[in-house]
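A.B. asks: These protein sequences, in sequence, are chains A and B.
In terms of the working numbering, the first sequence is residues 1 to 238.
In terms of the working numbering, the second sequence is residues 239 to 476.
Before we start, here is the structure in question, set down as structure tokens.
There are 2 protein chains.
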Amino acid sequence: MFPPKKSDVRNKILMSLSDRDFDHIAPHLESIDLPKRFLITTPDKIGDYIYFLESGIGSVVVGYPGGKSAEIGIFGREGFSPTVALQGADSAPFSIFMQVAGAGYRIANAHILAAASNSLELRNLLLRYVQAASIQTAYTAFSNATDHIEQRLARWLLMCHDRTDGDKIDLTHDFLGVMLAIRRQSVTTTLHVLEGKHLIVSQRGFVAIRDRAGLEALTGSSYGVPEREYRRLISQTI
Amino acid sequence: MFPPKKSDVRNKILMSLSDRDFDHIAPHLESIDLPKRFLITTPDKIGDYIYFLESGIGSVVVGYPGGKSAEIGIFGREGFSPTVALQGADSAPFSIFMQVAGAGYRIANAHILAAASNSLELRNLLLRYVQAASIQTAYTAFSNATDHIEQRLARWLLMCHDRTDGDKIDLTHDFLGVMLAIRRQSVTTTLHVLEGKHLIVSQRGFVAIRDRAGLEALTGSSYGVPEREYRRLISQTI
DNA sequence: CTTCTTATGTGCGATATCGTGCGGAGACTC
DNA sequence: GAGTCTCCGCACGATATCGCACATAAGAAG
Chain A
1 MFPPKKSDVR NKILMSLSDR DFDHIAPHLE SIDLPKRFLI TTPDKIGDYI YFLESGIGSV
61 VVGYPGGKSA EIGIFGREGF SPTVALQGAD SAPFSIFMQV AGAGYRIANA HILAAASNSL
121 ELRNLLLRYV QAASIQTAYT AFSNATDHIE QRLARWLLMC HDRTDGDKID LTHDFLGVML
181 AIRRQSVTTT LHVLEGKHLI VSQRGFVAIR DRAGLEALTG SSYGVPEREY RRLISQTI
Chain B
239 MFPPKKSDVR NKILMSLSDR DFDHIAPHLE SIDLPKRFLI TTPDKIGDYI YFLESGIGSV
299 VVGYPGGKSA EIGIFGREGF SPTVALQGAD SAPFSIFMQV AGAGYRIANA HILAAASNSL
359 ELRNLLLRYV QAASIQTAYT AFSNATDHIE QRLARWLLMC HDRTDGDKID LTHDFLGVML
419 AIRRQSVTTT LHVLEGKHLI VSQRGFVAIR DRAGLEALTG SSYGVPEREY RRLISQTI
């Protein structure tokens with residue numbers, strides 16, 4: 001079981017590593033179960049670990065408890081989080097938590113940084129993912145500035161779908177409202193609109209994607225660019 | 239005149255360098271005049287240079303010509319741009335241009351990367367700025383999601399003021415509307431509201447800040463955190 | 001001084017989204 | 001199988017922002 005074998009790993013970043021880099025960090029990877037609402041970090045808390053998901057979805061959120069908040073990033077097994085350690089900081093003003101339960105590996109910052117300082121290839125791969133995550137955030141800012149709720153919701157469902165096995169996404173309207181910083185009722189009615197267009201099916205506790213292409217067409221320019229950038233920066237190296 | 243002397247430089251990142259790091263890159267710094275609307279890069283264009291401003295303000299924008307667009311980052315002499323080269327990428331889906339004319343230095347990516355690979359201290363400083371810029375973008379996404387126009391506008395004016403000498407900011411309502419992805423008329427009327435609160439004075443072609451503290455209070459939680467993060471990550475190292 | 005261009009001011013109906021309140025329905029508990 | 005909790009549906013007035021049309025004003029050009 002430990003250290004994990006590279007052939008067993010599903011996280012795309014870990015999969016992209018050279019055997020040599022993988023062998024260096026594998027002994028320090030600690031398998032961890034990540035239930036729903038698991039808190040990876042909170043604002044200004046010193047983060048000790050970087051998490052590589054194998055399944056499930058995490059959210060990066062700006063805001064303060066009891067006040068306004070909004071999601072500014074989402075990640076699954078295509079990446080890792082938090083990204084700050086790679087940039088020489090020890091904390092960031094974000095909360096990061098599991099939005100869909102899953103599992104993964106975590107590794108102490110010190111170990112991943114040591115490995116990265118010994119391998120240019122590893123360091124560059126990790127930094128390219130940081131870049132991809134940053135582009136995702138930039139397009140979230142763009143979408144928030146220019147899109148109507150219908151587009152923002154469609155974009156969010158697509159990003160979630162990309163990180164899910166199957167077409168069913170477990171979530172409540174209330175949760176979606178918090179992520180997008182809109183009213184729960186607006187989520188409900190907008191989901192009905194999308195359902196009316198046969199793009200999704202929405203029932204208590206989940207949304208099922210029915211027409212990805214239709215959703216993508218609906219989002220216009222907000223969805224797609226970050227995803228292509230990710231493929232350009234990361235996947236093509238596999 | 240060349241290479242520039244460290245004591246003459248006003249860019250905060252360059253100022254923060256050790257003498258040794260500065261001496262390594264100084265011979266490659268090329269002084270450049272940056273008029274209004276100067277295009278630093280466009281989407282997917284291979285960027286060859288990194289720009290360190292000495293004066294003026296640059297904007298990072300997502301969007302496509304003739305379509306929707308929105309600003310996702312702003313920088314002056316406290317940083318540099320673009321940030322992608324540091325992360326191992328050669329381009330990014332952003333446009334970057336001068337919004338307020340100024341001047342600065344540019345350095346070929348190859349030179350700064352060579353210097354960064356030889357100096358952990360330099361690399362970490364540059365990456366910490368990348369982190370600070372990324373946090374700014376995250377809070378722009380947050381502000382776009384949760385704030386009304388009045389707050390977004392106030393936040394934008396504050397960020398601009400931080401990067402300007404004096405209290406007068408030259409810009410048109412039209413330009414501001416494009417940056418915030420709102421109507422020019424909404425800018426006009428909202429500036430009137432801020433003026434009514436004696437926070438600014440607005441006249442043809444410029445806005446003058448009159449009450450910074452008042453503006454900051456107005457923005458609530460959207461303004462301030464990225465700025466504190468910048469100071470924590472960068473300035474305290476001076 | 002006149003003309004031209006760019007920037008700003010204003011009005012108004014249309015639309016998107018919000019805040020609030022409440023009712024119903026699925027699921028879980030005892 | 002009654003109580004309870006969470007999630008969802010619906011209505012409605014209030015507010016923010018938009019889109020469009022047009023008027024005025026400041027500065028530039030001649």
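Ideal Cβ placement from N, Cα and C applies to all residues, glycine included.
I'd like the ranges of any alpha helix (DSSP H) spanning at least 4 consecutive residues and lying wholly in the region 372-407 of chain B.
C.D. replies: 387-400
A.B. asks: Measure the Cβ-Cβ separation of A92/A and I373/B and say whether it is below 8 Å.
C.D. replies: yes
A.B. asks: Give the range of the beta strand (DSSP E) segment to which E454/B is assigned.
C.D. replies: It is not in any beta strand (DSSP E) - E454/B instead sits in the alpha helix (DSSP H) that spans R450 to T457.
A.B. asks: By Cβ distance below 6 Å, which residues in the same chain neighbour I312/B in space, the five residues on each side in sequence not counted?
C.D. replies: S297 and M397
A.B. asks: Under 8 Å between C-beta atoms, does A145/A make it to chain B?
C.D. replies: yes
A.B. asks: Label H262/B either buried or exposed according to how many other C-beta atoms from any shown protein chain fall within 10 Å of its C-beta, with 16 as the threshold for buried.
C.D. replies: buried
A.B. asks: Can you give me the C-alpha to C-alpha distance between E316/B and G285/B, rounded to a whole angstrom?
C.D. replies: If you take the alpha carbons of E316/B and G285/B, they lie about 20 Å apart.
A.B. asks: Could you give the distance in angstroms between the alpha-carbon of I112/A and the alpha-carbon of R421/B?
C.D. replies: Distance between the alpha carbons of I112/A and R421/B is about 47 Å.
A.B. asks: Which residues does DSSP pair with Q423/B in a beta bridge?
C.D. replies: In the DSSP output, where bridge partners are listed per residue, Q423/B has none listed.
A.B. asks: Does any C-beta atom of chain B lie closer than 8 Å to the C-beta of S221/A?
C.D. replies: At least one chain B Cβ lies under 8 Å of S221/A.
A.B. asks: For A85/A, which of A101/A, V100/A and R123/A has the nearest alpha-carbon?
C.D. replies: It is R123/A.
A.B. asks: Going by DSSP in three states, R106/A sits in which element: helix, strand or coil?
C.D. replies: Secondary structure at R106/A: strand, using DSSP grouped into helix, strand and coil.
A.B. asks: Of the choices D282/B, P273/B, L418/B and K435/B, whose alpha-carbon is the least far from that of R450/B?
C.D. replies: K435/B
A.B. asks: For T428/B, which three-state DSSP category applies?
C.D. replies: In the structure shown, T428/B sits in a helix (DSSP, three-state: H, G or I).
A.B. asks: If we ignore side chains and look at the alpha-carbon of each, how far apart do S182/B and D271/B end up?
C.D. replies: What the structure shows of chain B is the stretch from 239 to 476, and residue 182/B is not part of that stretch, so it cannot be assessed.
A.B. asks: Considering only their Cβ atoms, is the gap separating F380/B from I13/A smaller than 8 Å?
C.D. replies: no
A.B. asks: Tell me which same chain residues have a C-beta within less than 7 Å of the C-beta of Y139/A, skipping the five on either side of it?
C.D. replies: S222, V225 and P226
A.B. asks: Which one of L358/B, Q369/B and V300/B has the shortest CA to CA distance from P281/B?
C.D. replies: V300/B
A.B. asks: For A116/A, write down the residues that DSSP places opposite it in a beta bridge.
C.D. replies: In DSSP, A116/A forms no bridge with anything.
A.B. asks: For a minimum of 3 consecutive residues, which ranges assigned as the beta strand (DSSP E) are wholly contained in the region 58-103 of chain A?
C.D. replies: Along the length of the region 58-103 of chain A, whole beta strand (DSSP E) runs at least 3 residues long occupy 69-75, reported in chain order.
A.B. asks: From T475/B to D400/B, what does the alpha carbon distance come to, in whole angstroms?
C.D. replies: A caution first: T475/B carries a pLDDT of 49, below 50, which makes its placement in the model unreliable, though a value can still be read off. Cα to Cα, T475/B sits roughly 19 Å from D400/B.
A.B. asks: For R128/A, count the other beta carbons within 10 Å of its own beta carbon; 16 or more makes it buried, fewer makes it exposed. Which is it?
C.D. replies: buried
A.B. asks: Which residues, in chain order, does the region 120-153 of chain A contribute to contact with chain B at a C-beta distance below 7 Å?
C.D. replies: N124, L127, R128, V130, Q131, S134, I135, T137, A138, Y139, T140, A141, F142, N144, A145 and T146
A.B. asks: Please identify the residue among T41/A, K36/A, L53/A and Y49/A whose C-alpha is closest to the C-alpha of V9/A.
C.D. replies: L53/A
A.B. asks: Suppose you measure from the CA of S95/A to the CA of K45/A; what does that come to, to the nearest Å?
C.D. replies: 9 Å
A.B. asks: Span of the alpha helix (DSSP H) holding V225/A?
C.D. replies: Following the DSSP letters along the chain, one finds V225/A inside the alpha helix (DSSP H) bounded by residues V225 to L233.
A.B. asks: Please list, in chain order, the chain A residues whose beta carbon lies closer than 7 Å to that of E316/B.
C.D. replies: Going along chain A, no residue has its Cβ under 7 Å from E316/B, so there is no contact; the nearest lies around 16 Å.
A.B. asks: Let me know if T189/A comes out buried or exposed under the rule of 16 or more other beta-carbons within 10 Å of its beta-carbon.
C.D. replies: exposed
A.B. asks: From this set, G340/B, A354/B and Q325/B, which residue's C-alpha is nearest L126/A's C-alpha?
C.D. replies: Measuring from the Cα of L126/A, the nearest candidate turns out to be Q325/B.
A.B. asks: Would you please state the rounded distance, in angstroms, between the beta carbons of Y51/A and S31/A? I believe it to be under 8 Å.
C.D. replies: Taking a contact as a CB-CB distance under 8 Å, the pair Y51/A and S31/A does not count as one, their CB atoms being some 11 Å apart.
A.B. asks: Look at the Cβ atom of V187/A, then the Cβ atom of L199/A, and state whether they are nearer than 8 Å.
C.D. replies: no
A.B. asks: Bridge partners for L291/B per DSSP, in chain order?
C.D. replies: G342/B
A.B. asks: Please list, in chain order, all residues of the same chain as E195/A whose beta carbon is under 7 Å from its beta carbon, the five residues on each side excluded.
C.D. replies: V201 and S202
A.B. asks: According to DSSP, what are the bridge partners of Q203/A?
C.D. replies: DSSP lists F206/A as partners of Q203/A.
A.B. asks: Thinking A446/B and D405/B are a contact (beta carbons under 8 Å), I'd like their distance in whole angstroms, please.
C.D. replies: With a Cβ gap of about 5 Å, A446/B and D405/B count as contacting.
A.B. asks: Along the region 317-329 of chain B, where does the CB come closer than 7 Å to a CB of chain A? Name the residues.
C.D. replies: V322, Q325, G326 and A327
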